[in-house]
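Visitor: Quick one: the structure is below, questions incoming.
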Amino acid sequence: MARMSKLFEGKVAVITGGNSGIGRTTAIAFAAEGARVAIGARRAAESEETIRKIQAQGGEAIFVSIDVTRADQVQKLMDTVMNRWQRLDFAFNNAGIGGTPFVPIPDYAEQVWDDVINVNLKGVFLAMKYEIPHMLKSGGGAIVNMSSVAGLIGGPIGIAYYASKHGVIGATKAAAMEYAQKGIRVNAVCPAVIPTALSAGVFDGENEARALALHPMGRFGTTKEVADAVLFLCSNKSSYITGHALPVDAGLLAR
Ligand SMILES: NC(=O)c1ccc[n+]([C@@H]2O[C@H](COP(=O)([O-])OP(=O)(O)OC[C@H]3O[C@@H](n4cnc5c(N)ncnc54)[C@H](OP(=O)(O)O)[C@@H]3O)[C@@H](O)[C@H]2O)c1
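This is the structure in structure tokens:
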């Protein structure tokens with residue numbers, strides 16, 4: 183029987199925040215489609231399970247310990263990828279933090295604002311800054327930035343989170359325009375609530391039913407459902423899509 187070819191055979195993907203939650207599932211999904219995967223995040227121990235799963239399915243993956251707010255460390259991640267595999271095709275700029283949900287603006291700490299904007303927004307800028315030259319050298323590619331439904335609407339989970347996720351969409355559109363004729367597509371995904379370490383403690387307890395009621399499908403999403411959207415936006419099946427912010431939200435934004 184002829185061997186089935188995989189979607190991303192011979193390609194290389196970098197995933198920030200790939201050691202946990204949505205990033206981990208997406209890293210494993212990229213590898214299952216034949217991509218070699220580089221994970222950038224801070225905690226090495228958290229990455230071990232991801233690397234093990236990828237190797238168990240016959241894939242290749244590395245972890246580089248980085249803080250996405252540090253330009254030198256983000257550059258190190260991209261340089262490591264190029265030194266090892268001599269190409270970069272796809273990036274999922276996904277690392278993020280939640281800040282302090284439900285804290286009103288007058289009480290919202292300036293330090294939390296700075297932290298959230300630095301990780302969620304500056305982290306995406308720095309990632310693209312160091313990915314794009316390598317992608318151009320590789321003959322083009324696709325970038326997916328992690329926004330949120332909080333990048334398209336407001337709500338109660340903290341001003342900096344909304345500001346950062348709206349900013350990610352702006353940065354995505356600007357990058358998409360800059361590289362539309364240079365072979366790099368740039369899109370964003372905007373998930374609704376996906377149970378992960380980040381959303382735990384925000385949408386549980388008495389907030390769970392309230393949050394659930396906002397999701398027309400009547401359930402939260404899975405990390406796999408976000409990974410599927412990211413892989414679609416990196417594949418040739420989305421070859422005419424750039425500058426788009428794709429809700430992965432059970433219809434939440436359609437109400
Ligand atoms: N879960 C949801 O409901 C939901 C909905 C919409 C959007 N999102 C977005 O999805 C993304 C992933 O979140 P998740 O839900 O999968 O939560 P998660 O499991 O907590 O993952 C967050 C990831 O970001 C990494 N990270 C955080 N700060 C970092 C830093 N300074 N430098 C490098 N890596 C950093 C973490 O790794 P280290 O701590 O090891 O660095 C971890 O891998 C976030 O951007 C989040 O805003 C989540």
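Numbering (our numbering), first residue to last: 183 to 437.
Where a beta carbon is used, it is the ideal one built from N, C-alpha and C, also for glycine.
Remember, predicted model here, so these are calculated numbers, not experimental data.
Given this structure, state the Cα-to-Cα distance separating K258 from M264, to the nearest angstrom.
Guide: Along the sequence shown, read from residue 1 onward, the residue named residue 258 stands at position 76. Along the sequence shown, read from residue 1 onward, the residue named residue 264 stands at position 82. Spanning the two alpha carbons is a distance of roughly 10 Å.
Visitor: Alpha carbon to alpha carbon, how far is G322 from S417?
Guide: Position 140 of the sequence shown holds residue 322. Position 235 of the sequence shown holds residue 417. If you take the alpha carbons of G322 and S417, they lie about 12 Å apart.
Visitor: Name the residue from Y344, I376 and M260 whose alpha carbon lies nearest to the alpha carbon of I248.
Guide: What you label residue 248 is simply residue 66 of the sequence shown in a count that begins at 1. Checked all of Y344, I376 and M260; the closest Cα to I248 is M260.
Visitor: Could you pull the DSSP bridge partners for R269 from this structure?
Guide: Along the sequence shown, one-based indexing puts residue 269 at 87. In the DSSP output, where bridge partners are listed per residue, R269 has none listed.
Visitor: Tell me whether S420, by its Cβ, gets closer than 8 Å to a heavy atom of ligand 1.
Guide: Taking the first residue of the sequence shown as position 1, residue 420 is located at position 238. False, no ligand heavy atom lies under 8 Å from that Cβ.
Visitor: Residues bridged to M328 by DSSP?
Guide: Working through the sequence shown from its first residue, we reach residue 328 at position 146. M328 is bridged to V371.
Visitor: Whose C-alpha, out of G216, N201, L435 and H426, is nearest the C-alpha of A358?
Guide: Within the sequence shown, residue 358 is the residue found at index 176, counting from 1. Taking only the C-alpha atoms, the option nearest A358 is H426.
Visitor: K188: which of D431, N201, G216 and S202 sits nearest, CA to CA?
Guide: As a first step, residue 188 must be located in the sequence shown, where it is residue number 6. The shortest Cα separation from K188 among D431, N201, G216 and S202 belongs to G216.
Visitor: Let me confirm a value: G278 is counted as buried when at least 16 other C-beta atoms fall within 10 Å, else exposed. Which label applies?
Guide: As a working note, residue 278 is residue 96 in the sequence shown. Classification of G278: buried, given that the 10 Å Cβ count is 16 or more.
Visitor: To the nearest angstrom, how far is the alpha carbon of V256 from that of L308?
Guide: The sequence position of residue 256 within the sequence shown is 74, counting from 1. The sequence position of residue 308 within the sequence shown is 126, counting from 1. Those two C-alpha atoms are separated by around 7 Å.
Visitor: Does the distance between the C-beta of C416 and the nearest non-hydrogen atom of ligand 1 fall short of 8 Å?
Guide: As a first step, residue 416 must be located in the sequence shown, where it is residue number 234. No.
Visitor: Which first and last residues belong to the beta strand (DSSP E) in which A195 is found?
Guide: Here residue 195 refers to the residue found at position 13 when the sequence shown is read from its first residue. V194 to T198 is the span of the beta strand (DSSP E), which, as asked, contains A195.
Visitor: Per DSSP, what kind of secondary structure is A243 in: helix, strand or coil?
Guide: Reading the sequence shown from its first residue, position 61 is the one you call residue 243. In the structure shown, A243 sits in a strand (DSSP, three-state: E or B).
Visitor: Name the two residues that bound the continuous beta strand (DSSP E) containing L303.
Guide: On the sequence shown, residue 303 is found 121 positions in, with the first residue counted as 1. Careful: L303 lies outside any beta strand (DSSP E) and carries neither H nor E.
Visitor: Is it the case that the CB of Y344 approaches a heavy atom of ligand 1 more closely than 8 Å?
Guide: Your numbering for residue 344 matches position 162 in the sequence shown. Residue side-chain check: Y344 keeps its Cβ at 8 Å or more from all non-hydrogen atoms of ligand 1.
Visitor: For the candidate residues E191, G199, R269 and R206, whose alpha-carbon lies nearest to that of L477?
Guide: Because the chain here runs from 183 to 437, residue 477 falls outside it and cannot be looked at.
Visitor: Report yes or no: do the region 216-229 and the region 189-205 share at least 3 C-beta pairs separated by less than 8 Å?
Guide: yes
Visitor: Which residues does DSSP list as the beta-bridge partners of L308?
Guide: Within the sequence shown, residue 308 is the residue found at index 126, counting from 1. DSSP links L308 through a beta bridge to no other residue.
Visitor: Verify the contact flag: T378, CB atom, against every heavy atom of ligand 1, threshold strictly below 8 Å.
Guide: As a position in the sequence shown, residue 378 is number 196, starting the count at 1. Residue side-chain check: T378 places its Cβ nearer than 8 Å to a non-hydrogen atom of ligand 1.
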